[in-house]
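First residue of the sequence shown? That's 1067 in the working numbering, and the numbers climb one at a time after it.
Cβ atoms here follow ideal geometry from the backbone N, Cα and C, with glycine treated the same way.
Worksheet for the structure shown next.
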Amino acid sequence: MGKKSGTYRYRPLPTEVPLTSNEPFIQNKTLQGLSLRNVAVSVLNPKGKPIITHRMDMIFTHFGLSGPAILRSSQFVVKALQKSGVNKVVVSIDSFPDKKEEALFEHVKEMVRSANKKAVKNVLKGLVPERYLLFLLQKNNIDEDLPSANLSHDKLRSFVKDLKRFEVRVNGTLPIEKAFVTGGGVSVKEIHPKEMSSKIVKGLYFCGEILDIHGYTGGFNITAALVTGRLAGLNAGKESKRNEE
Ligand SMILES: Cc1cc2nc3c(=O)[nH]c(=O)nc-3n(C[C@H](O)[C@H](O)[C@H](O)COP(=O)(O)OP(=O)(O)OC[C@H]3O[C@@H](n4cnc5c(N)ncnc54)[C@H](O)[C@@H]3O)c2cc1C
């Protein structure tokens, strides 16, 4: 591999893999086992802009984040963490992808306003799963038993911001052995695509995960492995026959 060894092109990297986090609420297992359904998960760049967003389910675990939306977003976290000087990446969770933040604020404000003396936790019940609701209230220094009428405008704003953009700093992934799919590997530029033979080493054929191609789960990787495996096998067989003649 020479000079290129260890670069992104060759080094295998986990994709479709759960993410790890040192956030206190993860380390304390506050939300462990809590699933969020149909949320929009975004991986943010250092300027806070989304690199990718996936709208699916996710789950908080004892080590970080997992579930379909996280697995799908994970390759972008892996690649962002490979940039020099980056040891944390922000993942943002939007619990109301169909509502703009201002509209959600008005909606929640109306819920709170019409309830008057009722405790905040009862008024907002059903908005998001109860554990998540209580966690976000606490995070925003809102006493769950506070009468709704006493909830300040600023606290309500920051609570609604968390409903739309709850940011979790992630610092890595589970090891490659736990990944569903492997990224990195032998560059397709170094392979004759019709035979899957190496352009560099005669008689060497590649297929499947060893290639620097990967897709989301859902059949793309299995299909790629089967197709490249068939091509590589057939052509390696032909070459071996030619050599015997
Ligand atoms: C839990 C899980 C879920 C997945 N879900 C999906 C999905 O939904 N959709 C999708 O497209 N992909 C999915 N994948 C990925 C997909 O399974 C792989 O991309 C595909 O199987 C790769 O095929 P492969 O032949 O390259 O490698 P593998 O399937 O890993 O096969 C390699 C084989 O080589 C053997 N081997 C390793 N070293 C040696 C050695 N030294 N000598 C002899 N044999 C050796 C291994 O035992 C293994 O049998 C999933 C993977 C996992 C782990």
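(Q) What does the alpha-carbon distance come out to for the pair residue 1099 and residue 1295? (A) As a first step, residue 1099 must be located in the sequence shown, where it is residue number 33. As a first step, residue 1295 must be located in the sequence shown, where it is residue number 229. One C-alpha to the other measures close to 39 Å.
Q.
In this structure, how does DSSP classify residue 1262 when only helix, strand and coil are distinguished?
A. Within the sequence shown, residue 1262 is the residue found at index 196, counting from 1. In the structure shown, residue 1262 sits in coil (DSSP, three-state: anything other than H, G, I, E or B).
**Q.** Inter-residue spacing [alpha-carbon to alpha-carbon] between residue 1197 and residue 1283
**A.** Here residue 1197 corresponds to residue number 131 of the sequence shown, with the count starting at 1. Here residue 1283 corresponds to residue number 217 of the sequence shown, with the count starting at 1. In a straight line, the C-alpha of residue 1197 is about 30 Å away from that of residue 1283.
Q: Specify whether the stretch 1213-1228 and the stretch 1255-1266 touch according to this definition: at least 3 beta carbon pairs, one from each stretch, less than 8 Å apart.
A: no
Q: In angstroms with no decimal places, state the Cα-to-Cα distance between residue 1134 and residue 1241.
A: As a working mapping, residue 1134 is identified with position 68 in the sequence shown. As a working mapping, residue 1241 is identified with position 175 in the sequence shown. If I take the Cα positions, the gap works out to 17 Å.
Q | residue 1132 to residue 1116 span [Cα, whole Å] | A | For the purposes of this step, residue 1132 is taken as the residue at position 66 of the sequence shown. For the purposes of this step, residue 1116 is taken as the residue at position 50 of the sequence shown. Near 19 Å, if we compare the C-alpha coordinates of residue 1116 and residue 1132.
**Q.** residue 1176: first and last residue of the uninterrupted alpha helix (DSSP H) it sits in
**A.** Counting from 1 along the sequence shown, the entry for residue 1176 is found at position 110. Where residue 1176 is concerned, the enclosing alpha helix (DSSP H) stretches over 1167-1181.
Q: Look at residue 1274 and residue 1079 and say whether their C-beta atoms are less than 8 Å apart.
A: Against the sequence shown, residue 1274 aligns to sequence position 208. Against the sequence shown, residue 1079 aligns to sequence position 13. Cβ atoms of residue 1274 and residue 1079: not closer than 8 Å.
Q. Using the beta-carbon count (16 or more within 10 Å), is residue 1287 buried or exposed?
A. The sequence position of residue 1287 within the sequence shown is 221, counting from 1. Residue 1287 comes out buried.
(Q) Relative to the C-alpha of residue 1124, which candidate in 1158, 1285, 1113, 1093 has its C-alpha closest? (A) Translated into the one-based positions of the sequence shown, residue 1124 becomes position 58. The shortest Cα separation from residue 1124 among 1158, 1285, 1113, 1093 belongs to 1158.
Q) Taking DSSP as the reference, what is the three-state secondary structure of residue 1219? A) By 1-based counting over the sequence shown, the position of residue 1219 is 153. Three-state DSSP puts residue 1219 in a helix.
Q) If you measure from the CB of residue 1239, is any heavy atom of ligand 1 nearer than 7 Å? A) As a first step, residue 1239 is located in the sequence shown; it is residue number 173 there, counting from the start. Because no heavy atom of ligand 1 lies under 7 Å away, the Cβ of residue 1239 does not count as near it: no.
(Q) I'd like the list of long-range same chain contacts for residue 1162, defined as Cβ closer than 7 Å, with 5 residues on each side in sequence excluded. (A) Residue 1162 sits at position 96 when you count from the first residue of the sequence shown. If we look at residue 1162 and ignore the five residues flanking it on each side, its Cβ neighbours are 1170, 1229, 1230.
(Q) Does the beta-carbon of residue 1288, which I'm using as the reference point, lie nearer than 7 Å to any heavy atom of ligand 1? (A) Residue mapping note: residue 1288 aligns to position 222 of the sequence shown, counting from 1. Yes, Cβ of residue 1288 sits closer than 7 Å to a heavy atom of ligand 1.
(Q) Going by the DSSP bridge assignment, what does residue 1296 pair with across the sheet? (A) By 1-based counting over the sequence shown, the position of residue 1296 is 230. In the DSSP output, where bridge partners are listed per residue, residue 1296 has none listed.
Q.
Across the stretch 1249-1262 and the stretch 1105-1120, are there enough close Cβ pairs to call them in contact, namely three or more that are closer than 8 Å?
A. no
(Q) Does the beta-carbon of residue 1246, which I'm using as the reference point, lie nearer than 7 Å to any heavy atom of ligand 1? (A) Locating residue 1246 in the sequence shown gives position 180, where the first residue counts as 1. Yes, the Cβ of residue 1246 comes within 7 Å of a heavy atom of ligand 1.
Q: Look at the alpha carbon of residue 1279 and the alpha carbon of residue 1155, and state the distance between them as a whole number of angstroms.
A: Indexing the sequence shown from 1 puts residue 1279 at position 213. Indexing the sequence shown from 1 puts residue 1155 at position 89. About 23 Å.
Q: Return the chain-ordered list of same chain residues with a C-beta closer than 8 Å to the C-beta of residue 1070, the five sequence neighbours on each side being excluded.
A: Indexing the sequence shown from 1 puts residue 1070 at position 4. For residue 1070, the pLDDT reaches just 46, beneath the cut-off of 50, and the residue's location in the model is therefore unreliable, although a value from the coordinates is still provided. Once the five neighbours on either side are set aside, the close Cβ partners of residue 1070 are 1076.
**Q.** Whole-angstrom distance between residue 1297 and residue 1082, CA atom to CA atom
**A.** In the sequence shown, residue 1082 corresponds to position 16, counting from 1. In the sequence shown, residue 1297 corresponds to position 231, counting from 1. Using only the alpha carbons, I get a separation of about 26 Å.
Q.
I'd like the list of long-range same chain contacts for residue 1245, defined as Cβ closer than 7 Å, with 5 residues on each side in sequence excluded.
A. As a position in the sequence shown, residue 1245 is number 179, starting the count at 1. Answer for residue 1245: 1080, 1081, 1082, 1083, listed in chain order.
Q: Check residue 1274 in the structure and name its three-state DSSP category.
A: As a position in the sequence shown, residue 1274 is number 208, starting the count at 1. Helix, per DSSP.
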